[in-house]
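Visitor:
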């Protein structure tokens, strides 16, 4: 039976007054990024006497630093689009890092005691790291959907507990001495490996969010969970997947991070969750859910990275950096609220 | 009131009406909610307001309580015109309203709720809890309410919360007390207690405006009543002077216009058969059948359980008993996903709450229900095909918009509703459940939606339509199921249904 052929009622469709073409939000954010870069460029010539941008190694450092936060931010972005929040990413990074790191160590020292021991292939710690992260994310999603506690609380609990696991696992001792293969995750491809992984993650999730059913469901749940339910979407199952992906990506970020710095510490990843949320929010992802794109988050992460590098370049004290970072996050939310109010009025 | 009388009333309490509403008009975009409406309430009487859903009673009460301001006309209290710009103005001038949806703070105590903003303070300007407790107790003693002032509102039954609301209203020493369907959620015994309290208030000279749908209450408690219909004032009478049939006639007395393009459609085989469907405490033993090409209307008062039945059929709410048959076969529907898979579509009652994805585009709103099987290959959405079909649907529904990428929030109510209907048409349903399909939309869009429903029936779709608009139910339906307090009280054929018959079944 097809009902798609109903006779048109009178009155022309699609002929309401034309509105002017809106500029995609990502373009505005990109302009902000370019503006900030130009700002540092000018100040650089005035106060330091050199170029900020025309410096290949500085640009590489910026983007390397952005990569770890960026991978986490992609996962956090889809959580925020569902109308939730994930405060646990930083601690999950530490937990995944500590547990996976013990599988990534080379056998140089243990061989003295037990010559039978050999290096594990690098995929073993990688998979362990992803599994630990994914399990933490699953636990978040399960708590939120089955016990109906707010995401803020569920992931706050996970934030505290995962940090505890990271400390307990080696009684607080750092883990280092990784195999060469594993270290390649953070240093391979002429040191570009983290950037390549970050971009691959970003492209994959950009496609996932924009062109697949999974993505459409994510937006629908954030836009109106009740309408999503009536539209036949299994909200609980979907949310669990979304939080699990966020955990998985935190695990991946942890692997990249420890492979790059060649050591894992229980205290690592501190405040990463907030940087990831900040990247998403600066990138135009709405904390009320239903709005936002991966591309925005990527640019948001770059803005944070450029700011950090720029302040260091201008030798501005770290205290000021934090103060200004906080103001920028608040400004981003104010802009988002303003945009939403405007959308409602028109 | 003449100027002579006004002069007299300066020092004595000799006004005839404690509350007067004169010539009030209120328009909302596309609708005239009230047109030249009057109301006069004497002190020390209970004055009932009667009328169908949408007759304008609630709008009028909200004007008196200062929630809406009228476009024209005035409100006089104790003979003096007052200006009500916000709820606080009404409260301070001596008008208290008890809302249908109770507006109490659940996590706070009874006493805190009653005295909020007016808490007794001690010498240090801190809240004096002992005094607050005593004041509450005194108030309760006066009203013969037996409740612990320190109990938390959240722990109280709906009836007891109602008592708290009443006590709070009385604590303002108001001259006028408005009650909007106070008995809709309480048991028989509690109604008796409530009436005792109301009689006590009446003896103390308070004018009580009492909105109700229940005929029996009118005769039990009201001294006078006024009838409203379609935003117009019909008349005021003494309860003792009339009988039930008179009132129903006053409430519905109008002809159904010919704006409903109901056509004779050949009725086919049963498509949806519902047998003994029950949801504890909500609806009981619901049985009916919808045939191919048939439009079955669901009539009843607001709160009679019609929307809940729809939610039960569609798997939004869990049901405890009953069977559903589709095309003669028993099916189990546990979630909306199951329902969609069985060819059911459900246009929900509340466009904003459960229908639209407000921040998303028209395209994204239209496609939400077909992302389960159609247009999806290996998880990837076939955007091109989907865009073509969605745009075609929106065109046939004459959705007025600059384009499919427009955010749905920016559309008018009627156009939003058309987009939501389009969402369900894309699923090519066999069974279409429409809950208040034309609520809050303008006349033009209304007619288009009615025409569309008729066309769908022509195509053999089984339509179940809940509507609180009598003319719509009567004009569109082949058969009409009437519900009252969670039960079906009658099923009328098109030829035997009229407004009086429906009202008799709906307001027992």
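Protein chains in written order, with this note's numbering: chain A, 593 to 938; chain B, 23 to 530. Ideal Cβ placement from N, Cα and C applies to all residues, glycine included.
Within the 8 Å Cβ cut-off, does residue 357/B reach chain A?
Guide: Taking the second chain and counting its residues from 1, the one referred to as residue 357/B is at position 335. True, the Cβ-Cβ gap to chain A drops below 8 Å.
Visitor: By the 9 Å beta-carbon criterion, what residues does the segment 370-381 of chain B contribute toward chain A?
Guide: Listed by position, the residues of the segment 370-381 of chain B near chain A (Cβ gap below 9 Å) are 370, 372, 374, 375, 376, 377, 378, 379, 380, 381.
Visitor: I'd like to know if residue 394/B contacts chain A, where contact means its C-beta is closer than 8 Å to some C-beta of that chain.
Guide: Walking along the second chain from the start, residue 394/B turns up at place 372. Yes, because at least one Cβ of chain A sits closer than 8 Å to the Cβ of residue 394/B.
Visitor: In the DSSP assignment, the beta strand (DSSP E) including residue 667/A goes from what residue to what residue?
Guide: Position 75 of the first chain holds residue 667/A. Where residue 667/A is concerned, there is no enclosing beta strand (DSSP E), although the alpha helix (DSSP H) it sits in stretches over 648-673.
Visitor: Consult DSSP for residue 394/B and reduce its assignment to one of helix, strand or coil.
Guide: The residue given as residue 394/B occupies position 372 in the second chain. Correct three-state label for residue 394/B: coil.
Visitor: Along the beta strand (DSSP E) that carries residue 313/B, what are the first and last residues, could you check?
Guide: For the purposes of this step, residue 313/B is identified with residue 291 of the second chain, where counting begins at 1. Here the beta strand (DSSP E) through residue 313/B covers 305-313.
Visitor: Helix, strand or coil: which one does DSSP assign to residue 911/A?
Guide: If you number the first chain from 1, residue 911/A lands on position 319. Residue 911/A falls in the helix class under three-state DSSP.
Visitor: Which bits of chain A does residue 485/B rub up against, with CB to CB less than 9 Å?
Guide: In the second chain, counting from the first residue as 1, residue 485/B sits at position 463. The contacting residues do not exist; residue 485/B stays about 12 Å from chain A at best.
Visitor: In or out: residue 263/B buried (at least 16 other Cβ within 10 Å) or exposed?
Guide: Your numbering for residue 263/B matches position 241 in the second chain. With fewer than 16 Cβ atoms within 10 Å of its Cβ, residue 263/B is classed as exposed.
Visitor: Please look up how many angstroms separate the CB atoms of residue 793/A and residue 625/A, rounded, as I've assumed it's under 8 Å.
Guide: Residue 793/A sits at position 201 when you count from the first residue of the first chain. Residue 625/A sits at position 33 when you count from the first residue of the first chain. Not really, about 19 Å apart at Cβ, beyond 8 Å.
Visitor: To be precise: take each residue of the segment 875-893 of chain A, compare its Cβ to all Cβ atoms of chain B, and keep it if any distance is under 9 Å. Which residues remain?
Guide: Residues 878, 880, 881, 882, 883.
Visitor: For the candidate residues 330/B, 385/B, 305/B, 455/B, whose alpha-carbon lies nearest to that of residue 312/B?
Guide: Working through the second chain from its first residue, we reach residue 312/B at position 290. Among 330/B, 385/B, 305/B, 455/B, the Cα nearest to that of residue 312/B is on 455/B.
Visitor: If you count every other CB in all the chains shown that lies within 10 Å of the CB of residue 873/A, and 16 or more means buried, which is it?
Guide: Counted from its first residue, the first chain places residue 873/A at position 281. Buried is the call here.
Visitor: Using 8 Å as the threshold, is the C-beta distance between residue 359/B and residue 298/B below it?
Guide: As a working note, residue 359/B is residue 337 in the second chain. As a working note, residue 298/B is residue 276 in the second chain. No, these two residues do not count as a Cβ contact at 8 Å.
Visitor: Verify the CB distance criterion: does residue 804/A have a CB-CB separation below 8 Å to chain B?
Guide: Position 212 of the first chain, counted from the first residue, corresponds to residue 804/A. Yes, residue 804/A counts as interfacial toward chain B.
Visitor: Whole beta strand (DSSP E) runs in the segment 117-158 of chain B with 3 or more residues, listed along the chain?
Guide: As far as the segment 117-158 of chain B is concerned, its whole beta strand (DSSP E) runs of at least 3 residues are 117-120.
Visitor: Which of the residues in the segment 690-713 of chain A, read from start to end, lie with their CB under 7 Å from any CB of chain B?
Guide: Listed in sequence order: no entries.
Visitor: Considering only C-alpha positions, which residue in the set 839/A, 810/A, 840/A is nearest to residue 826/A?
Guide: Reading the first chain from its first residue, position 234 is the one you call residue 826/A. Here the closest residue by C-alpha is 810/A.
Visitor: If I measure Cβ to Cβ from residue 377/B and keep anything under 6 Å in the same chain, skipping five residues before and after, which residues do I get?
Guide: Start at 1 with the first residue of the second chain, and residue 377/B comes out as number 355. The residues are 370, 442.
Visitor: Compare the C-beta of residue 401/B with all C-beta atoms of chain A and state if any pair is closer than 8 Å.
Guide: Looking up residue 401/B in the second chain gives position 379. Cβ-Cβ to chain A under 8 Å: yes for residue 401/B.
Visitor: Contact criterion: CB-CB distance below 8 Å. Does residue 390/B meet it with respect to chain A?
Guide: For the purposes of this step, residue 390/B is identified with residue 368 of the second chain, where counting begins at 1. At least one chain A Cβ lies under 8 Å of residue 390/B.
Visitor: Entirely within the segment 697-744 of chain A and at least 3 residues each: give me those beta strand (DSSP E) ranges in chain order.
Guide: Those beta strand (DSSP E) runs which fall completely within the segment 697-744 of chain A and span 3+ residues do not exist here.
Visitor: Residue 351/B versus chain A: which residues are under 7 Å apart at the beta carbon?
Guide: For the purposes of this step, residue 351/B is taken as the residue at position 329 of the second chain. Neighbours of residue 351/B on chain A: none; closest Cβ ~17 Å, over 7 Å.
Visitor: Out of curiosity, what's the CA-to-CA distance linking residue 171/B and residue 197/B?
Guide: As a first step, residue 171/B must be located in the second chain, where it is residue number 149. As a first step, residue 197/B must be located in the second chain, where it is residue number 175. Using only the alpha carbons, I get a separation of about 24 Å.
Visitor: Ignoring anything shorter than 3 residues or poking outside the segment 328-401 of chain B, list the beta strand (DSSP E) runs there in chain order.
Guide: Taking only runs of at least 3 residues, the beta strand (DSSP E) segments lying wholly in the segment 328-401 of chain B are 343-348, 351-353, 366-369.
Visitor: Can you find a CB in chain B that lies within less than 8 Å of the CB of residue 822/A?
Guide: For the purposes of this step, residue 822/A is taken as the residue at position 230 of the first chain. Yes - at least one Cβ of chain B is within 8 Å of the one on residue 822/A.
Visitor: What residues from chain A crowd round residue 362/B, counting only those whose CB sits closer than 7 Å?
Guide: For the purposes of this step, residue 362/B is identified with residue 340 of the second chain, where counting begins at 1. Result: 824.
Visitor: Taking the alpha carbon of residue 158/B as the point to measure from, which residue in 239/B, 131/B, 63/B, 145/B has its own alpha carbon closest?
Guide: Taking the second chain and counting its residues from 1, the one referred to as residue 158/B is at position 136. For residue 158/B, the nearest C-alpha among the options comes from 131/B.
Visitor: Under 8 Å: do the segment 210-220 of chain B and the segment 132-147 of chain B share three or more Cβ pairs, one atom per stretch?
Guide: The segment 210-220 of chain B vs the segment 132-147 of chain B: no contact.
Visitor: Please go through the same chain and pick out, in chain order, the residues whose beta-carbon is closer than 8 Å to the beta-carbon of residue 149/B, but skip the five residues on each side of it.
Guide: Against the second chain, residue 149/B aligns to sequence position 127. These residues qualify, in order along the chain: 141, 142, 143.
Visitor: Using a Cβ-Cβ distance under 8 Å, would residue 491/B count as near chain A?
Guide: Within the second chain, residue 491/B is the residue found at index 469, counting from 1. Output row for residue 491/B: interface = no.
Visitor: Determine the contact status of residue 205/B and residue 236/B, defining contact as a CB-CB distance below 8 Å.
Guide: Here residue 205/B is taken as the residue at index 183 of the second chain, counted from 1. Here residue 236/B is taken as the residue at index 214 of the second chain, counted from 1. For residue 205/B and residue 236/B, yes; Cβs fall inside 8 Å.
Visitor: Contact between the segment 351-365 of chain B and the segment 427-437 of chain B: three or more CB pairs below 8 Å?
Guide: Cβ pair count under 8 Å is below three, so no.
Visitor: Can you tell me which of the three DSSP states residue 216/B falls into?
Guide: Walking along the second chain from the start, residue 216/B turns up at place 194. Helix.
Visitor: Need the endpoints of the beta strand (DSSP E) that residue 94/B sits in, please.
Guide: For the purposes of this step, residue 94/B is identified with residue 72 of the second chain, where counting begins at 1. 94-99 is the extent of the beta strand (DSSP E) around residue 94/B.
Visitor: When the Cα atoms are used, what is the spatial distance from residue 151/B to residue 64/B?
Guide: As a position in the second chain, residue 151/B is number 129, starting the count at 1. As a position in the second chain, residue 64/B is number 42, starting the count at 1. Distance between the alpha carbons of residue 151/B and residue 64/B: 37 Å.
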